[in-house]
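Enquirer: Below is one structure. I have some questions about it.
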Amino acid sequence: MCAQVKDSISKEMGLPSKDSVVNKNDEFYTNPLSDYNEAYYVVNRLNDQIGLPPTSFNLRTPQATLEHFVLSARNNDFQDAIHAMNFNLMPKTLTEEDAITLAKKLYFVINQRTNINWDGVSDRPDGQVDISTTTNQAIAGKPRRSVVFGEVALGDRDIVFRVQRVRYKDYGALWLISANTVDNIEPLYQEYGPRKLDLMMPDWARITFLGIPVWKVAGTLILLLLAYFFGRVLTYLFRKLFHRSKKIWINHIANKLARPAGLLFGTLFFYVTLDQLISLSGGLANIVYTSLIVLMIGSVTWFVTSFVDYLMTYIAENKIGDVSEEENEEARKMLTYISVARRVVTFAIVVIGGYIIISQFRALEKVGISLLASAGVVTVILGIAAQNTLGNIFAGLQIAITRPLRVGDTVIIKDEWGHVEEIGFTYLVVRTWDLRRLVIPLKWVISNIFENWSMTSSHQIRPIVIHADYRLDVPKVRQKFEELLEASEEWDRESPPVLQVVDTSDKSIQLRALCSAKDVNAAWNLHCELREALVAYICELEEGTYLTRERIDLQSASEAK
């Protein structure tokens, strides 16, 4: 009873039901192909079920045949449309009414899933596409007897829509929608036929605007709104569910992945409900399904990149030692690898996601061909426009491989002292001693000289320079320096105490003492502490007698007068 009601609704709407008009148990004709000819298919019978097409129909070129079928179907004149189809693979019992039903189903699928590239469909009897030349002369070529005008996925295979040139006895050669295309109508209609709301919607609700049924636009917007709330609810539930866990990493991963997971499942909900309830066609279908493809792949890409980012961050924070301790060289090396790898993997995932999005659009094949044709110009333009960006990206890879610096290293870049805080895609962040941030392009780092104080070891020796009078007892100061160094906890005892007179001037001598510590910060603190103690000690010697002073010979001055 339900099927009868459905059929009656379908007939009232002009949409055929999904019940097949072809019974595989019916008797079929034998192979109609006869002698081989490269310009057309020779057949020994043609559409015995419905008869030969009237001679008044223009079926002499591929484009004329498709125009005849589409225009006749659009005008609901399917009795004429069936004569553009080849029924040679259909059973003998096929009636004209069955042929009309097949034509309706084919038109529905074409209108639903195929954008015919009319510029690519030949309007010549030999099937060739006209090519413009500078000499404006005809180009001789091999005639075509089969032309593709569309392609639709069905399961794990692609169904190709073709028009083929056939010749039957003395009737002449004509172009028809191929017998194989007609043979695939039923499974295609089962997959892409009208949805539940298409069959249930009454006639009064079928008002159109710009050729698009208003109810389909409204229904699509309602489903989109429901999908949005569905995604938001799932995001909330994911966070609530995972936050109940006592494991910190589960709480963190919930914050990272809840939103991309909500977007992914919301998009899936929209796709499933739309596919089950509403069949879209034409421009509306292009907009909706294109947006769905972008959203699906974009949400998956966002989910994967968020997961990779969290995984790398978790490893960096929990599985690697403290990089603030400069002697922890292995930790700093691993953090550098992870920092660069996170960005490289993220960049690769985004590129792959973009490539998958582009690969879904067959219309972009022409763009690809055009780009290949003008590859030289495009390469030059892109090279000029993006040379700095690409140079920085490759510099980042070079830094990861050669390791001239690592996260946590102490460096002097552009006369600024600081620690490497982050190595990004295209830049380096250095945290200075006064907590400023220097953002430096990686290309500059590779191309210029800079100091890395912890490249091979965090151990450092710093000089202490003091000026004193010529009469100073240097051995006594040296002994005091050794006592001060022995008493300091910052000294790492890697280098022995050294105090030397390294320079002289007309006013003073220059003392240099060397102290060593485990890292830069400890060496700086030790250096300042010892300099302060030595200056205080020299000041105390004979009440500052050995401080630098300027001498004037008064006796010589009076004699000169």
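Using this note's numbering, you'd call the opening residue of the sequence shown number 358 and step up by one each time. The beta carbon of each residue, even a glycine, is placed where N, CA and C say it ideally should be. What you are looking at is a predicted structure, and each value in this text was computed from that prediction instead of being measured.
1. Look up D437 in the DSSP assignment and say whether it is helix, strand or coil.
2. Go to D515, then tell me how far its beta strand (DSSP E) extends in each direction, as first and last residue.
3. So the candidates are V768, L829, W881, P544; which of them puts its Cα closest to the Cα of S811?
4. Quick test of your reading: I695 and V651, contact by CB under 8 Å. State the CB separation rounded to the nearest angstrom.
5. Count the other CB atoms within 10 Å of the CB of N380; is the residue buried (16 or more) or exposed (fewer)?
6. Is DSSP giving L785 helix, strand or coil here?
7. On a CA-only basis, which of R501, L621, V764, F426 is nearest P410? Give me that one, please.
8. Under the assumption that F660 contacts L614 (Cβ atoms under 8 Å), give the Cβ distance between them as a whole number of angstroms.
9. Report the rounded CA-to-CA distance for E808 versus R601, giving the unit in angstroms.
10. With the cut-off set at 7 Å, would you say Y903 and A825 are in Cβ contact?
11. Taking 7 Å as the CB-CB cut-off, is L868 touching chain D?
12. Which residue comes first and which comes last in the beta strand (DSSP E) that contains L511?
13. Just reading off the alpha helix (DSSP H) that W801 is part of, what are its end residues?
14. Do three or more CB pairs link the region 622-636 to the region 663-670 at distances below 8 Å?
15. Classify G550 as helix, strand or coil using the three-state DSSP reduction.
16. If you reduce the DSSP assignment to three classes, tell me which class V378 lands in.
17. Sorted by chain position, which residues of the same chain lie with C-beta nearer than 6 Å to A890's C-beta, five sequence neighbours on each side aside?
18. Look at the Cβ atom of G550, then the Cβ atom of G588, and state whether they are nearer than 7 Å.
19. Which residues in the same chain have their Cβ closer than 7 Å to the Cβ of V796, if we skip the five residues on either side of it in sequence?
20. Give a yes or no on whether the C-beta atoms belonging to Y397 and A536 are separated by under 7 Å.
21. Report the rounded CA-to-CA distance for Q361 versus Y646, giving the unit in angstroms.
22. What is the rounded straight-line gap between the Cα of W532 and the Cα of V505?
23. According to DSSP, is P500 part of a helix, a strand, or is it coil?
24. Would a C-beta distance cut-off of 7 Å place I610 and Y546 closer than the cut-off?
25. Which residue's Cα is closest to the Cα of V378: V574, R788, N541?
26. Excluding sequence positions up to five away, which residues of its chain have a Cβ less than 6 Å from the Cβ of R888?
27. I need the DSSP call for D860, collapsed to helix, strand or coil.
28. My output table needs one value for Y398: the three-state DSSP class, helix, strand or coil.
29. Given that a residue counts as buried once 16 or more other Cβ atoms are within 10 Å of its Cβ, and exposed if not, what is N404?
30. Considering only the alpha carbon of each residue, which of G781, W790, V590 lies closest to K800?
31. Under 8 Å by Cβ, that's how I've got I818 and V892 pegged, so tell me the actual separation to the nearest angstrom.
32. For I473 and V574, I'd like the C-alpha separation in whole angstroms.
33. Is L868 buried or exposed, if buried means 16 or more other CB atoms sit within 10 Å of its CB?
34. Using C-beta distances below 6 Å, list every residue in its chain close to A752, excluding the 5 sequence neighbours before and after it, in chain order.
35. Please look up how many angstroms separate the CB atoms of Q406 and A456, rounded, as I've assumed it's under 8 Å.
Expert: Put simply:
1. The residue you call residue 437 lines up with position 80 of the sequence shown. Helix at D437.
2. Numbered from its first residue, the sequence shown carries residue 515 at position 158. Where D515 is concerned, the enclosing beta strand (DSSP E) stretches over 514-525.
3. In the sequence shown, counting from the first residue as 1, residue 811 sits at position 454. When only C-alpha atoms are compared, the closest one is V768.
4. One-based indexing of the sequence shown puts residue 695 at position 338. One-based indexing of the sequence shown puts residue 651 at position 294. The Cβ separation is near 31 Å, so there is no contact.
5. Start at 1 with the first residue of the sequence shown, and residue 380 comes out as number 23. Answer is exposed; the Cβ neighbour count stays below 16.
6. Your numbering for residue 785 matches position 428 in the sequence shown. DSSP places L785 in strand when its eight states are reduced to three.
7. On the sequence shown, position 53 is the one that residue 410 refers to. Of R501, L621, V764, F426, the residue nearest in Cα terms is F426.
8. For the purposes of this step, residue 660 is identified with residue 303 of the sequence shown, where counting begins at 1. For the purposes of this step, residue 614 is identified with residue 257 of the sequence shown, where counting begins at 1. Correct: roughly 6 Å between the Cβ atoms.
9. On the sequence shown, position 451 is the one that residue 808 refers to. On the sequence shown, position 244 is the one that residue 601 refers to. For E808 and R601, the distance between alpha carbons rounds to 49 Å.
10. Here residue 903 is taken as the residue at index 546 of the sequence shown, counted from 1. Here residue 825 is taken as the residue at index 468 of the sequence shown, counted from 1. Contact flag set, yes.
11. The chain labelled as chain D is not found in the depicted structure, where only one protein chain is given.
12. What you label residue 511 is simply residue 154 of the sequence shown in a count that begins at 1. Taken as a continuous stretch (DSSP letters only), the beta strand (DSSP E) holding L511 covers 503-511.
13. Counted from its first residue, the sequence shown places residue 801 at position 444. Residues 799-804.
14. no
15. The count along the sequence shown starts at 1 and reaches residue 550 at position 193. Note: G550 maps to coil in three-state DSSP.
16. Against the sequence shown, residue 378 aligns to sequence position 21. In the structure shown, V378 sits in coil (DSSP, three-state: anything other than H, G, I, E or B).
17. Position 533 of the sequence shown, counting from 1, holds the residue named residue 890. Closer than 6 Å at Cβ, skipping near neighbours: L841.
18. Residue numbering aside, residue 550 sits at position 193 when the sequence shown is read from its first letter. Residue numbering aside, residue 588 sits at position 231 when the sequence shown is read from its first letter. No, these two residues do not count as a Cβ contact at 7 Å.
19. For the purposes of this step, residue 796 is taken as residue 439 along the sequence shown, with counting starting at 1. These residues qualify, in order along the chain: Y784, V786.
20. Within the sequence shown, residue 397 is the residue found at index 40, counting from 1. Within the sequence shown, residue 536 is the residue found at index 179, counting from 1. Their beta carbons are not under 7 Å apart, which means Y397 does not touch A536 by this criterion.
21. For the purposes of this step, residue 361 is taken as residue 4 along the sequence shown, with counting starting at 1. For the purposes of this step, residue 646 is taken as residue 289 along the sequence shown, with counting starting at 1. A caution first: Q361 carries a pLDDT of 35, below 50, which makes its placement in the model unreliable, though a value can still be read off. Q361 and Y646: Cα-Cα distance of roughly 32 Å.
22. Taking the first residue of the sequence shown as position 1, residue 532 is located at position 175. Taking the first residue of the sequence shown as position 1, residue 505 is located at position 148. Near 12 Å, if we compare the C-alpha coordinates of V505 and W532.
23. Numbered from 1 along the sequence shown, position 143 holds the residue referred to as residue 500. Of the three classes helix, strand and coil, the one that applies to P500 here is coil, per DSSP.
24. On the sequence shown, residue 610 is found 253 positions in, with the first residue counted as 1. On the sequence shown, residue 546 is found 189 positions in, with the first residue counted as 1. No, they are not a contact pair.
25. As a first step, residue 378 must be located in the sequence shown, where it is residue number 21. The residue with the shortest Cα to Cα distance from V378 is N541.
26. Locating residue 888 in the sequence shown gives position 531, counting from the first residue. Same-chain partners within the cutoff: I821.
27. As a working note, residue 860 is residue 503 in the sequence shown. Three-state result, D860: strand.
28. Residue numbering aside, residue 398 sits at position 41 when the sequence shown is read from its first letter. Here Y398 sits in strand by DSSP.
29. Here residue 404 corresponds to residue number 47 of the sequence shown, with the count starting at 1. It counts as buried.
30. For this step, residue 800 is matched to residue 443 along the sequence shown. Minimum Cα distance to K800 is reached at G781.
31. Stepping through the sequence shown from its first residue, residue 818 is reached at position 461. Stepping through the sequence shown from its first residue, residue 892 is reached at position 535. That belief does not hold up - the Cβ atoms of I818 and V892 are roughly 20 Å apart, past 8 Å.
32. Here the question's residue 473 lines up with position 116 in the sequence shown. Here the question's residue 574 lines up with position 217 in the sequence shown. Whole-angstrom Cα-Cα distance: 23 Å.
33. Along the sequence shown, one-based indexing puts residue 868 at 511. Buried, by the Cβ-count rule.
34. Residue numbering aside, residue 752 sits at position 395 when the sequence shown is read from its first letter. Counting only Cβ-Cβ distances below 6 Å, and skipping sequence neighbours, we find L799, K800, I803.
35. The count along the sequence shown starts at 1 and reaches residue 406 at position 49. The count along the sequence shown starts at 1 and reaches residue 456 at position 99. 7 Å between Cβ atoms; contact.
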